[in-house]
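Numbering (this note's numbering), first residue to last: 7 to 449. Cβ coordinates follow ideal geometry from the N, Cα and C atoms, glycine included.
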């Protein structure tokens, strides 16, 4: 890597990549395209590249596009952020050239329209963008499922109504008897006030993921998990819980919060879902140790005492967290930005944190499914600079056994040994530091 600065020589860089690897050595069905920077949109480009090279995510996005696009155009929410993402991924995948540069103008425009916080040319946080993106996708999928369910219900109601009318037509109001009088009864059709509403023309959703929406426990110290989906308006809590999407299928895991009251010794377990894990970091540490600290036992006391249902009062308690359900894609956010009261701003922790190519989670529950499962590093979003709202973002991805660095429109091959340059530094200075890590489960 020649430096963590935006590169505007995209075309030349693509030619250099083909020359470095050899055009005949590039995978036949893979494309390596840099993304143009529209004025500090590197935070977005880095996340998009990382997700594009996460196979389960890319597969679901392209599958969704295939099901929604047809002869009559887009059969869904065509102006959504998900639709723009589908177009971008399809555009990359369908390029005739193997390398080049694309302008994600439509996606950036939609992002800025959907989220006002991104509607400027300032630097933004890549983790915040990741959260907004997967939440936006989840909400679109959930709304389409709800609309599809409403459409099916309306069709059933209309069918029932037409059946009632047909039955009434075949059963006259009365039949003359021998005395010339009439007898019999009339069964009124089962009319429904909603039967006259229009039918939504929406195709079924793609797939149904497992698990439920993440919910916070009111009696324990909250764990930072900002990527958990928000509840869209118009949904009951049970309805949301029962309607997981393929975002959950890919990213959702479950951890168990174990709380023990130090007065009555009652132990309470509570399962909570997550879509990514935000972990604290220390100097000269590793991801495995960060996860171990995440699960370490803590004591709740003072103003954070535990509301014990048995004691019926606030009590000191011990709490720890263990992972129960391991996700397909484990997204780890390293908490590198810390608020400094003396400076009245966020500063960057440039600590050296080693992240391995293979990872095994050791902080699991006893009843975890396949706790010995291995994870392979697939992508890293790297922050370069001194703070969250200044500097630059790049991404490192693994593709067909190769490691590649995407720096906006510049793409270059990276030797695996060069990954150490992105662990962080031991000195207090600007650095190129791993910020979001994506690990894929080895099934």
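query	result
To which residues of the same chain is residue 96 closer than 7 angstroms at the C-beta, ignoring the five residues directly before and after it?	68, 71
Which residue wins for smallest C-alpha separation from residue 288, given the options 253, 357, 139, 353?	357
Classify residue 294 as helix, strand or coil using the three-state DSSP reduction.	helix
Please report the residue range of the alpha helix (DSSP H) in which residue 402 lies.	Run containing residue 402: none in the alpha helix (DSSP H); it sits in the beta strand (DSSP E), 396-405.
Flag residue 430 as yes if its beta-carbon sits less than 8 angstroms from any beta-carbon of chain B, otherwise no.	Of the protein chains in the structure, only one exists, and it is not chain B.
Going residue by residue through the segment 327-402, where are the continuous alpha helix (DSSP H) segments of at least 4 residues, counting only ones entirely within it?	none
Looking only at its chain, what residues have a beta carbon closer than 6 angstroms to the beta carbon of residue 127, apart from the 5 residues adjacent to it on each side?	45, 46
Given residue 277, which residues of its chain have a CB within under 7 angstroms of its CB, disregarding the five upstream and five downstream residues?	260, 262, 330
Is residue 414 near residue 337, with beta carbons less than 8 angstroms apart?	no
Return the residue from the list 145, 332, 365, 350 that minimises the CA-CA distance to residue 377.	332
What span of residues does the beta strand (DSSP E) with residue 253 cover, start to end?	No beta strand (DSSP E) contains residue 253, which is instead part of the alpha helix (DSSP H) from 252-257.
Got a sec, what are the start and stop residues for the beta strand (DSSP E) residue 415 sits in?	Run containing residue 415: none; DSSP gives neither H nor E here.
Can you tell which of 300, 383, 31, 75 has the C-alpha that lies nearest to the C-alpha of residue 368?	300
How is the alpha helix (DSSP H) around residue 51 delimited, first residue to last?	48-58
Residue 359 and residue 291 look like a contact to me (Cβ under 8 angstroms); what is the Cβ gap, rounded to whole Å?	6 angstroms
Decide yes or no for the touch test of the segment 29-40 against the segment 98-113: beta carbon pairs closer than 8 angstroms, at least 3 of them.	yes
Suppose you measure from the CA of residue 438 to the CA of residue 100; what does that come to, to the nearest Å?	32 angstroms
Run through DSSP, which three-state label would residue 448 get?	coil
Taking only the alpha-carbon atoms, compute the straight-line gap between residue 308 and residue 322 and give it to the nearest angstrom.	8 angstroms
Between which two residues does the alpha helix (DSSP H) harbouring residue 321 extend?	Unbroken run through residue 321 is the beta strand (DSSP E), 319-321; no alpha helix (DSSP H).
Whose C-beta lies closer than 8 angstroms to the C-beta of residue 143 among residues of the same chain, with five residues either side of it excluded?	87, 88, 91, 251, 253
Here's a check: name, in chain order, each residue in its chain whose Cβ is nearer than 7 angstroms to the Cβ of residue 130, leaving out the five neighbours to either side.	49, 124
Report the option in 249, 64, 98 whose CA atom is closest to the CA atom of residue 154.	249
With distances taken from CA atoms, which of 62, 83, 33, 146 is nearest residue 103?	33
Rounded to whole angstroms, how far is the Cβ of residue 399 from the Cβ of residue 132, which I believe are closer than 8 angstroms?	5 angstroms
Per DSSP, which one or two residues make a beta bridge with residue 29?	Bridge partners of residue 29: none, in fact.
Look at residue 335 and residue 257 and say whether their C-beta atoms are less than 8 angstroms apart.	yes
According to DSSP, is residue 71 part of a helix, a strand, or is it coil?	helix
Once DSSP output is grouped into helix, strand and coil, what is the label at residue 420?	strand
Might you give, ordered along the chain, the residues of its own chain that have their beta carbon closer than 8 angstroms to the beta carbon of residue 422, omitting 5 neighbours on each side?	363, 409
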